[in-house]
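Student: Can you keep this structure in mind? I'll have questions shortly.
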Amino acid sequence: VTAGFDARIARANELAERYPAASELLSFYRDLSAFQKSVFTNLHSTDLRGLIPLFPALHEIVRRSGPQTLADLGGGFDDPAELERVLNACWQGQTSDPAERFYGRVLLQPYAEWLASRGSGESNESGSTCPFCSARPVAAVLRGEGEGAKRSLLCSMCSTEWLFRRVLCPSCGEEDKEKLPVYTTPEIEHVRVEACETCKVFIKSIDLTRDGRAIPVVDEIATVTLSIWAEEHGYVKLEPNLLGV
Ligand SMILES: [Zn+2]
Ligand SMILES: [Zn+2]
């Protein structure tokens, strides 16, 4: 189940009003989504190097509506050979440099989604990394109520969703309910912090039974205050989102 880029843009606009603390992040995300939509719709080759000529347009967006430091760091990727190195490292999950991850992912996400959309689609696998591209999940998604409720994980790279047991830490495999606390706040009813006391990692889950209009990837960004809260309480996020938070 992949929400299209237009739906993400519309949801980002809607949530910018509901969560003023995240409005700057969301307006930047909206511009990036519009860029990613154009990447997605213009792809015609599986050659990752096809993304290289698109970098200047992305860099321009970051200069216009992103953080200054990120815009400055983007200057390092003007060299096509360097950008190709970054794209490959990012695709293989082998970079932790924030600027490399950011530019790499903005370009690679629509490429990965495009590849996934041509693939087999639904997957029944239930590991803690994406069955399609092996990236880590950026959020969890809850569907269905009560005993029958199901949890899926949402890939941070290709947006594939796959089923994952409710009471199981996607980081360390802890299965003891007592060690897997869930934190909620009345102000944000449909998003929860699912933490693990064993490895101290958390992931946020977007509960579609509480807000059926939610677009998980966008609602995850909009609720940055929950992530900050979790980090202040000693937890580390399983996987940063596109904006690195
Ligand atoms: Zn994936
Ligand atoms: Zn754990």
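Residue numbers (this note's numbering): 14 to 258. Beta carbons are placed, not taken as given, at the ideal position from N, Cα and C, and that holds for glycine. Note that the structure is a prediction, hence the values are computed from the model and not measured.
1. What would DSSP say about L176, mapped onto helix, strand or coil?
2. Using 10 angstroms around the beta-carbon of K217, count the other beta-carbons present and answer buried if the total reaches 16, otherwise exposed.
3. In whole angstroms, what separates the C-alpha of D110 from that of G88?
4. Are L193 and C171 close, meaning C-beta to C-beta below 8 Å?
5. Rounded to a whole number of angstroms, what is the C-alpha to C-alpha distance between G161 and A152?
6. Do you know offhand how far R31's Cα is from V75's?
7. What would DSSP say about H57, mapped onto helix, strand or coil?
8. Does DSSP put E97 in a helix, a strand or coil?
9. Between V258, P253, A235 and Y248, which lies nearest to P33 when the distance is taken from Cα to Cα?
10. Are L128 and L64 touching if we call contact CB-CB under 8 Å?
11. Does D110 come out as helix, strand or coil in the three-state DSSP assignment?
12. Tell me, please, which residues DSSP counts as bridged to F215.
13. Given the structure, does V180 come close to ligand 2, in the sense that its CB is under 7 Å from one of the ligand's heavy atoms?
14. What residue range does the alpha helix (DSSP H) around T267 cover?
15. Please list, in chain order, all residues with a C-beta atom less than 5 Å from at least one heavy atom of ligand 1.
16. Less than 7 Å between the CB of V214 and some heavy atom of ligand 2, yes or no?
17. If you draw a straight line from the C-alpha of A259 to the C-alpha of V214, how long is it?
18. Who are V195's beta bridge partners in DSSP?
19. Cβ-heavy atom distance between T236 and ligand 2 below 7 Å?
20. For E95, which residues from the same chain have a beta carbon less than 7 Å from its beta carbon, with the 5 sequence-adjacent residues on both sides left out?
Tutor: Put simply:
1. Within the sequence shown, the letter at position 163 stands for residue 176. Correct three-state label for L176: strand.
2. For the purposes of this step, residue 217 is identified with residue 204 of the sequence shown, where counting begins at 1. Buried is the call here.
3. Residue numbering aside, residue 110 sits at position 97 when the sequence shown is read from its first letter. Residue numbering aside, residue 88 sits at position 75 when the sequence shown is read from its first letter. D110 and G88: Cα-Cα distance of roughly 15 Å.
4. In the sequence shown, residue 193 corresponds to position 180, counting from 1. In the sequence shown, residue 171 corresponds to position 158, counting from 1. Cβ distance not < 8 Å, so L193 and C171 don't count as in contact.
5. The count along the sequence shown starts at 1 and reaches residue 161 at position 148. The count along the sequence shown starts at 1 and reaches residue 152 at position 139. Each residue's alpha carbon lies about 20 Å from the other.
6. In the sequence shown, the residue the question calls residue 31 occupies position 18. In the sequence shown, the residue the question calls residue 75 occupies position 62. Each residue's Cα considered, the two are about 24 Å apart.
7. Within the sequence shown, numbered from 1, the residue matching residue 57 stands at position 44. The answer is coil: DSSP assigns H57 none of H, G, I, E or B.
8. Stepping through the sequence shown from its first residue, residue 97 is reached at position 84. In this structure, E97 counts as helix in the three-state DSSP scheme.
9. Locating residue 33 in the sequence shown gives position 20, counting from the first residue. It is A235.
10. Translated into the one-based positions of the sequence shown, residue 128 becomes position 115. Translated into the one-based positions of the sequence shown, residue 64 becomes position 51. For the 8 Å CB-CB criterion, L128 and L64 do not form a contact.
11. For the purposes of this step, residue 110 is taken as the residue at position 97 of the sequence shown. Coil.
12. Your numbering for residue 215 matches position 202 in the sequence shown. Its beta-bridge partners are A208 and K250.
13. For the purposes of this step, residue 180 is taken as the residue at position 167 of the sequence shown. Result no, Cβ not under 7 Å from ligand 2.
14. Here the chain covers residues 14 to 258 and nothing more, so residue 267 does not appear.
15. C143, F145, C146, A148, C168, M170, C171 and T173
16. Sequence index remark: in the sequence shown, residue 214 carries index 201 (1-based). Yes, since a heavy atom of ligand 2 falls inside the 7 Å radius drawn around the Cβ of V214.
17. Limits of the chain in this structure are 14 at one end and 258 at the other, which puts residue 259 out of reach.
18. Numbered from its first residue, the sequence shown carries residue 195 at position 182. According to DSSP, which records beta bridges pairwise, V195 is partnered with E207.
19. Within the sequence shown, numbered from 1, the residue matching residue 236 stands at position 223. The answer is no for T236.
20. For the purposes of this step, residue 95 is taken as residue 82 along the sequence shown, with counting starting at 1. The answer, listed in chain order, is G89.
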